[in-house]
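If you're matching positions, the sequence shown starts at 991 in this note's numbering and goes up one per residue. A short worksheet on the structure shown next.
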Amino acid sequence: MALSLGIVDYILIVVAIAISLLIGLYFRFSGGHQKTTTEFLMGNQNVHIVPVAISVIATSLSSVSLLGVPAEMYLYGTQYAIAGLGIPLGGLLAAYGFLPVFYEMQVSTTYEYLERRFSKTTRTFVATLYTILTVLDMGVVLYAPALALNAVTGISTWASILSLAGVCVIYSSQGGLKAVVWTVVFQSALMYVAMVAVIIKISMMLGFTEVFQIGIKGGRFIFFEFSGDLTKRYTFWNSFAYGFTFWLLLYGTNQSTIQRFLSVGSLKKAQQALILSIPFLIFFTVFTLWDGIALYALFHDCDPIEDERVKLRSADQVSYNTI
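This is the structure we're talking about:
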């Protein structure tokens, strides 16, 4: 059974893209019209803490989390969710250990700090590594939604990637940081709605208790695998270690995140934005956990990956196939 979209689906896709572009144009022609570096890169340092907190969440999670994490839960169970325990620990350490340094030194980038602390060579080296990392990361982030568009519209993966990248370039280059922050807020709302819709729909179809029981019978509820076996995909130890280091690095050293925290104008507001994002991230982790379990409950006896009528290529496609 090939996937296909109706007219309403296409309209919604166009509207979502149009809203992202309009947000960029709005900030291009409002305020100071993005004529200064401070306004373009730092939002004049008067961005509200709530959109900053939400944008940090969405930027760190993106389409990979929306499609890939539920797929991991679907295939391997919930042990990966232990990474969520690292969110408050890494976040608080970054809030009170890292952010004060950036504000005290009055830098605009993490690389400026490295130059002052070490040398220009260190700054150039780390900036180059981060650029390479970002390019590779964006490849994955763009590929996930492009894969979804390709499956349901027939548009080639390359055309989808170029189209989505083009939209991002337009609204970010025209509207600056404020456009990026508010566009991400809008897009993150769509992600949350899609995930919650899947969870609610499947729970209504099967019943919350039934979903829970099927997950238990299928061995998908795994949280305390304390094995020291390094060949295991997920254990409590590697999941927690990954979560702590990932969120510490994201909150405390990632340039795109630090740029947002510096845009609020004061250390106190930056710390408030960071702390505000923590419960949202934990909720998102719970959503992805239950989304994967709900998908497993729905397809436990009719795996769409093995069904030739559905023609899914990987578990990453299960989420949007269900949506």
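Yeah, the Cβ is synthetic: ideal placement off N, Cα and C, and Gly gets one too. Quick caveat, the model's predicted, so the values are computed rather than measured.
Buried or exposed (CB count within 10 angstroms, at least 16 for buried), residue 1241:
buried
Pick from 1139, 1224, 1209: whose alpha carbon is nearest that of residue 1216?
1224
Quick one: Cα of residue 1169 to Cα of residue 1051, how far?
19 Å
Find the nearest neighbour of residue 1245 within the set 1173, 1229, 1101, judged by alpha-carbon distance.
1101
Spatially closest choice to residue 1048 from 1064, 1290, 1275, 1292, by CA coordinates:
1275
Can the beta-carbon of residue 1179 be found closer than 9 Å to that of residue 1042?
no
Between the C-alpha atoms of residue 991 and residue 1197, what's the straight-line distance to the nearest angstrom?
In this prediction, residue 991 scores a pLDDT of 47, lower than 50, which makes its location untrustworthy; no coordinate-derived value is stated.
Helix, strand or coil at residue 1243 according to DSSP, with G and I counted as helix
coil
Mind checking residue 999: buried by the 16 CB within 10 Å criterion, or exposed?
exposed
Throw me the rounded Cβ distance for the residue 1164 and residue 1015 pair, which I believe falls under 8 Å.
6 Å
Are the region 1137–1147 and the region 1112–1125 touching, with three or more C-beta to C-beta distances below 8 Å?
no
Simplified DSSP assignment, three categories, for residue 942:
The structure shown does not extend to residue 942, since the chain spans only 991 to 1313, so no value can be given for it.
Supposed contact pair residue 1193 and residue 1061 - C-beta distance, whole angstroms, cut 8 Å:
With 8 Å as the limit, residue 1061 and residue 1193 do not qualify as a contact, their Cβ atoms being about 19 Å apart.
For residue 1219, which residues of its own chain have a beta-carbon under 8 Å away from its beta-carbon, when the five flanking residues on both sides are left out?
1225
Rounded to whole angstroms, what is the Cα-Cα separation between residue 1096 and residue 1239?
20 Å
Could you compute how far the alpha carbon of residue 1073 sits from the alpha carbon of residue 1066?
14 Å
Could you pull out every residue in the same chain whose Cβ sits closer than 7 Å to the Cβ of residue 1154, ignoring the five residues on either side in sequence?
1132, 1135, 1136
Can you give the beta carbon distance from residue 1234 to residue 1076, rounded, assuming they're within the 8 Å contact cut?
3 Å
Figure out for me which residue from 1158, 1029, 1281 has the closest Cα to the Cα of residue 1255.
1029
Which of helix, strand or coil does DSSP assign to residue 937?
No information on residue 937 is available, as it lies outside the stretch 991 to 1313 that the chain covers here.
Quick check on residue 1145: buried or exposed, where buried means 16 or more other Cβ atoms within 10 Å of its Cβ?
exposed
Going by beta carbon distance, what residues of the same chain come within less than 8 Å of residue 1247, once the five residues before and after it are set aside?
1046, 1049, 1050, 1240, 1241
Measuring alpha carbon to alpha carbon, tell me which residue in 1186, 1109, 1185, 1161 is nearest residue 1174.
1161
Can you give the Cα-Cα distance for residue 997 and residue 1003, rounded to whole angstroms?
10 Å
For the putative contact between residue 1185 and residue 1281, defined by C-beta atoms under 8 Å, what is the C-beta separation to the nearest angstrom?
5 Å
Would you say residue 1085 and residue 1265 are within 9 Å of each other, going by their C-beta atoms?
yes
Between the Cα of residue 1056 and the Cα atoms of 1277, 1289, 1286, which residue gives the shortest distance?
1277
Report buried or exposed for residue 1081, applying the criterion of at least 16 other Cβ atoms within 10 angstroms of its Cβ.
buried
Report the rounded CA-to-CA distance for residue 1118 versus residue 1187, giving the unit in angstroms.
41 Å
Is the Cβ of residue 1179 closer than 9 Å to any Cβ of chain B?
Looking for chain B here will not work: only one protein chain is present.
Alpha carbon to alpha carbon, what distance is there between residue 1036 and residue 1069?
40 Å
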